[in-house]
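Residue numbers (the UniProt record's numbering): 1 to 473.
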């Protein structure tokens, strides 16, 4: 059998092969499963090691910088804000209020853009490349007020009003709680600071999943999102490939056992032990293919978009940690192909939480926010098949404004790929710019909108602008 350049194939001898995209690296399926289980065990054990300052391992100063430090290094202003969720988690958000060298620093109201990271990531994903390639910097230089969220349990959101991270109660969450509590807390916090009624939401992977869930469960929340840009969106993962495909497929029972043994703990934290991986395994990242091969195993084939000189920086900041329960929830999504809350595996336990033997499905047909989707068939996490069979089939056509299929983008290329700025971030910025210009024109000289003249406020203009947008759909 001939091997294509971008295939992940199983042969009769149960060998998982990585073809030319992975430099012909091969290993047996049994060995790979063992390696993954060892990695999972290592991920939890490493969470027990106290994070301490460490030397720079990869030769780039940004590897040891925080997100605010990286932003400052490139000459941008930065602010850090915190919010407390209704269930007690303390979340940090990073803000770039205007562009470099004061660009966009004026009294004119700027579009407020909220960027939300994906699974095992943090706000760092939006500033990992140089400014003209990083979403947060691009939007700030275009005059946007940029905010970046951090979900519970990652490097920047590790506090709680009652528990610290040594308590298993702290880690008893999945993306369901992020959708129910984190999203409203962060979005409301931004709107409170900016004195706005709504904002633009741009999200990658799990960040899109949580917003789909929030919007479907909380109809009133739709009014707070002007436009929702879903980049490599996850909703169901029935056709996930690579590492996630194995966790929810052949290895699902082993991963269930792993979760039962370790219960609610931290998974792949960003601390001293995990950074040792960067030092001893990756070495000089731009010259060692092992690290980039691991990235491709998770996200999809090498599309030749990866800036290999930045691999050390990517891996120094990510993974940024989550809970074992959240990872188990993602494995369930692959195994069951359902967009639903966490399945406790026992009918009587599910009945306790949901009133039924199985978790209920979320109903995305109830979403009432204009949406823009960006996906690729080369993505192994948010696969094109999942998106077409679930999101494109069920999202209300009235609010699905555009669907953009990109060629040869793996899951991480949407964040860090060399083509991401041109094919993802700049098109999004143009949509936001045009929409905001319409808002400003209504604010300064509204036509056929007496409520704006009477109130003369941002809130009134935004409300009228959004209602006008919906009437045109």
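Backbone N, C-alpha and C fix where the C-beta goes; we use that ideal spot for every residue, glycine too. As the structure is a computational prediction, the values presented were derived from the model and not from experiment.
For a test of the three-state rule: what should DSSP assign to residue i, helix, strand or coil?
i	result
residue 407	coil
residue 79	strand
residue 23	Caution is warranted here: a pLDDT of 32 is assigned to residue 23, below 50, making its placement in the model unreliable, and the coordinate value is therefore given only provisionally. Correct three-state label for residue 23: coil.
residue 214	helix
residue 206	helix
residue 450	Here residue 450 scores only 43 on pLDDT, less than 50, and its place in the model should not be relied on; the value that follows carries that caveat. In the structure shown, residue 450 sits in a helix (DSSP, three-state: H, G or I).
residue 344	coil
residue 380	coil
residue 290	helix
residue 154	coil
residue 338	coil
residue 457	Legend: pLDDT at residue 457 = 43, less than 50; position of this residue unreliable, value from coordinates given subsequently. Residue 457 falls in the coil class under three-state DSSP.
residue 437	helix
residue 220	helix
residue 327	helix
residue 351	helix
residue 303	coil
residue 356	coil
residue 419	coil
residue 390	helix
residue 165	coil
residue 142	coil
residue 483	Not covered by the structure: residue 483. The range shown for the chain is 1 to 473.
residue 395	coil
residue 42	Caution is warranted here: a pLDDT of 45 is assigned to residue 42, below 50, making its placement in the model unreliable, and the coordinate value is therefore given only provisionally. Residue 42 falls in the helix class under three-state DSSP.
Determine the extent of the beta strand (DSSP E) in which residue i is found, giving its start and end residues.
i	result
residue 225	225 to 231
residue 147	145 to 148
Can you pull the DSSP bridge partners for residue i?
i	result
residue 371	228, 400
residue 267	322
residue 199	225
residue 160	89
Which stretch, first to last residue, makes up the alpha helix (DSSP H) that contains residue i?
i	result
residue 424	It is not in any alpha helix (DSSP H) - residue 424 carries neither H nor E in the DSSP assignment.
residue 234	No alpha helix (DSSP H) holds residue 234; DSSP gives it neither H nor E.
residue 187	183 to 194
residue 311	311 to 317
residue 260	252 to 262
residue 171	Run containing residue 171: none; DSSP gives neither H nor E here.
residue 413	413 to 416
residue 246	242 to 247
Establish whether the CB of residue i and some CB of chain C are separated by less than 8 Å.
i	result
residue 81	In the structure shown, chain C cannot be found, because there is only a single protein chain.
Is the number of C-beta pairs between the region 219 to 231 and the region 361 to 379 that are closer than 8 Å three or more? The way I'd put it, the region 219 to 231 does touch the region 361 to 379; three or more beta-carbon pairs between them come closer than 8 Å.
Does the region 413 to 425 come close enough to the region 319 to 327 to have 3 or more Cβ pairs within less than 8 Å? Proximity of the region 413 to 425 to the region 319 to 327 falls short of the contact definition, fewer than three beta-carbon pairs being nearer than 8 Å.
Within the region 55 to 140, note down every full beta strand (DSSP E) run reaching 3 residues or more, in order along the chain. Runs of beta strand (DSSP E) with 3 or more residues, each lying fully within the region 55 to 140, are found at 79 to 84, 89 to 96, 112 to 116, listed in chain order.
Check whether the region 187 to 202 and the region 344 to 354 are in contact - that is, three or more C-beta pairs closer than 8 Å. No: the two stretches stay apart, fewer than three of their Cβ pairs being nearer than 8 Å.
Quick check: the region 255 to 271 against the region 388 to 404, are at least 3 beta-carbon pairs closer than 8 Å? Judged by Cβ distances under 8 Å, the region 388 to 404 makes no contact with the region 255 to 271, as fewer than three pairs qualify.
Check whether the region 183 to 193 and the region 154 to 166 are in contact - that is, three or more C-beta pairs closer than 8 Å. Counting Cβ pairs under 8 Å, fewer than three are found: no touch.
Flag this pair as touching only if the region 162 to 175 and the region 109 to 116 have three or more C-beta atom pairs under 8 Å; answer yes or no. No, they do not touch.
Using 8 Å as the Cβ pair cut-off and three pairs as the minimum, do the region 405 to 425 and the region 379 to 391 touch? Cβ pair count under 8 Å is three or more, so yes.
Could you say if the region 137 to 147 and the region 96 to 109 meet the contact criterion of at least three C-beta pairs nearer than 8 Å? With a cut-off of 8 Å, the region 96 to 109 and the region 137 to 147 count as touching, because enough Cβ pairs lie within range.
Could you tell me whether the region 233 to 252 touches the region 334 to 341, using the rule of 3 or more Cβ pairs below 8 Å? They touch, by the three-pair rule.
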